[in-house]
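Colleague:
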Amino acid sequence: MRLRHIVAVGAMLGILSIPAHAEARDLGRDTLPANDGWAAAGAGTTGGSAADADHVFTVTDRAGLVRALDGGSATPKIIKIAGTIDANTDDDGDHLDCSDYTTGGYGLKKYLAAYDPRTWGSAKPSGEQEVARQASAKKQAERVELLVGSNTTIVGLKGAVLKGASLQVKNADNVIVRNLDLRDAYDCFPVWQPNTGGLGDWKTAYDTLWLSGATHVWVDHVTLSDKGHPDAAEPTHFARNYLRHDGLLDITNGSDLITVSWSRFAGHDKAMLIGNGDTATGDRGRLRVTLHHNEFESVVQRAPRVRFGQVHLYNNRYVVPEDAHDYRYSIGVSTESAIHAENNAFHTPGHVEAADLVKSWNGTALHQRGTLFNGYPVDLLAIHNAYNSGSERDLTADVGWTPTLHTKIDSAATADREVARGAGAGRLL
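Next comes the structure, spelled out in structure tokens:
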């Protein structure tokens, strides 16, 4: 532990060094710095920093975490996670696997046989196996969905991991999540949706971190991944990938005033969705999100995909590995989105071109500048319009707003180096 302060106490006492053990940084009392993105608007984001001594918890298992969360209460609280907590455990702390949640006669082989499109057709699944799947899914949800209330700080101590959980900030205000490795929100019971995407698709239930109707939230130095059960190792059923994970971080249902900083998103398909859908007009005027100094590594798509929101995307680092032949895009420009992207750095293999980085669905505008692509400056807007005009409408540069709440914006090259060294859990202690 490095010595951080030297206190002068006068000539008679001389110079006294404060003991190192007394200077351990208490991340639980940290608040979002002024001007650090949209979450700094208004009264800012302080989380549970005002918690009294009776509401500061160090938890080491699911049962302790559930007690500390207090059913999502608004009481100011600081929750420090130590070691590895597995959300898939019973009240005695014993691990639960998918078979422990299975009920009503559900079985994957029986489910696949019942709803095979060649015999079932395109109707929504119903009947015995779907009822059993829902009942089994409910049992798992009761274990892994953890509700976070207003005025809460959740912080990981050194090496802290929360696995198998879906942390949900729903209709809550003033929340901080920091320095925590969140991984493997694994769905045991995906549902088949025959009419999705024309060919049907599998739908999973759990975002690793879900902000729903949440306001003033700061997510900082968090690592989010599927580590433990990567979807790439899953089979295909009905010629579609049998995904077990939903989003890493989804920001939906009118969430607003969010800052996501110095975090790492890794090894995942659909990383981040901002906004519910093209018809969710209630999101207008909300979904104001800042994403800065984050790393997106081995992410297939949605980094992020934005509907309606005013999103400031600056100083982020994107890494697409050589073997990423399923890569689709990074920045998704959807209905009424207003993305202001600046000084971001992209690293891709030869089969991924600059024209692949941006995808538009009913979007109209993208403001960008200072982008580096494999070390070279590029204009993502001009490239998108030149290479995708046959399939997508041209985008304009006028997104209708200019960010004012932000920290120092570094060059893309500087941010690239700093994010590679500093993003993710464990970089604060």
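Position 70 (the sequence shown) corresponds to 224 in my numbering; numbering is contiguous. Here a beta-carbon is modelled for each residue, glycine too, at the ideal position from N, C-alpha and C.
Hey, quick one: how far does the beta strand (DSSP E) through TYR472 stretch, first residue to last?
Modeller: 471 to 473
Colleague: Please determine if the region 186 to 198 and the region 413 to 430 are in contact, where contact requires at least 3 C-beta pairs separated by less than 8 Å.
Modeller: Output reads yes: the region 413 to 430 touches the region 186 to 198.
Colleague: Return the first residue and the last residue of the beta strand (DSSP E) that ASP355 is part of.
Modeller: 355 to 357
Colleague: How is the beta strand (DSSP E) around TRP372 delimited, first residue to last?
Modeller: 369 to 374
Colleague: Between ALA368 and SER409, which are expected to be in contact by the criterion C-beta below 8 Å, what is the C-beta distance as a whole number of angstroms?
Modeller: 5 Å
Colleague: Can you give the Cα-Cα distance for ALA286 and TYR260, rounded to whole angstroms?
Modeller: Cα to Cα, ALA286 sits roughly 5 Å from TYR260.
Colleague: Sorted by chain position, which residues of the same chain lie with C-beta nearer than 8 Å to ASP129's C-beta, five sequence neighbours on each side aside?
Modeller: Outside the displayed range of the chain (155 to 583) lies residue 129, so it cannot be described from this structure.
Colleague: Compute the Euclidean distance between the alpha carbons of LEU511 and ASP423, then round it to the nearest angstrom.
Modeller: 15 Å
Colleague: Hey, how far is the Cα of TYR468 from the Cα of THR243?
Modeller: 39 Å
Colleague: Determine the DSSP secondary structure at HIS209, reduced to helix, strand or coil.
Modeller: Residue state, collapsed to three classes: helix.
Colleague: Between the C-alpha atoms of ALA204 and ALA577, what's the straight-line distance to the nearest angstrom?
Modeller: Approximately 27 Å, taken between the alpha carbons.
Colleague: What is the rounded straight-line gap between the Cα of ALA359 and the Cα of ASP341?
Modeller: 6 Å
Colleague: Do three or more CB pairs link the region 438 to 456 to the region 468 to 479 at distances below 8 Å?
Modeller: yes
Colleague: Do HIS538 and HIS494 come within 7 Å of each other at the CB atom, strictly closer than that value?
Modeller: No. Outside cutoff.
Colleague: Nearest to ASP240 by alpha carbon, out of HIS249, LYS264, ILE232, ILE233?
Modeller: Looking at the Cα atoms, HIS249 is the closest of the given residues.
Colleague: If you draw a straight line from the alpha carbon of GLY202 to that of LYS357, how long is it in whole angstroms?
Modeller: 34 Å
Colleague: Can you list, in chain order, the residues of its chain whose CB lies under 6 Å from that of ALA508, leaving out five sequence neighbours each side?
Modeller: PHE527, VAL532, ILE537
Colleague: Could you tell me the distance, in whole angstroms, from the CA atom of GLY429 to the CA atom of LYS513?
Modeller: Answer to the nearest angstrom: the Cα atoms are 16 Å apart.
Colleague: What does a CB cutoff of less than 6 Å around THR561 pick up in its chain, not counting 5 residues either side in sequence?
Modeller: Spatial neighbours of THR561 in its own chain (CB-CB distance under 6 Å, excluding positions within 5 residues in sequence) are listed in chain order as ASP190.
Colleague: Quick one: residues in its chain with C-beta nearer than 6 Å to the C-beta of GLY247, no 5 flanking neighbours on either side, listed in chain order?
Modeller: ASP215
Colleague: Which full runs of the alpha helix (DSSP H) of 4+ residues lie inside the region 416 to 491, going along the chain?
Modeller: none
Colleague: Taking all protein chains shown into account, do 16 or more other C-beta atoms lie within 10 angstroms of the C-beta of LYS312, making it buried, or fewer, making it exposed?
Modeller: Exposed.
Colleague: In this structure, does DSSP put ALA176 in helix, strand or coil?
Modeller: Any reading at ALA176 needs caution, since the residue's pLDDT is 38, under 50, leaving its predicted position unreliable; the model's value is listed next. DSSP, reduced to helix, strand and coil, places ALA176 within a helical segment of the structure shown.
Colleague: Helix, strand or coil for TRP274? Go by DSSP, reduced to three states.
Modeller: helix
Colleague: Tell whether a beta-carbon distance below 7 Å holds between ARG471 and GLU496.
Modeller: If you check the CB distance, ARG471 and GLU496 do not come in under 7 Å.
Colleague: Between which residues of its own chain and ALA165 is the CB-CB distance below 7 Å, once the five residues before and five after are set aside?
Modeller: Caution is warranted here: a pLDDT of 33 is assigned to ALA165, below 50, making its placement in the model unreliable, and the coordinate value is therefore given only provisionally. So the list is empty, once near-sequence residues are dropped.
Colleague: Report the residue from PRO503, VAL473, THR444, ALA551 whose alpha carbon sits nearest the alpha carbon of PRO557.
Modeller: THR444
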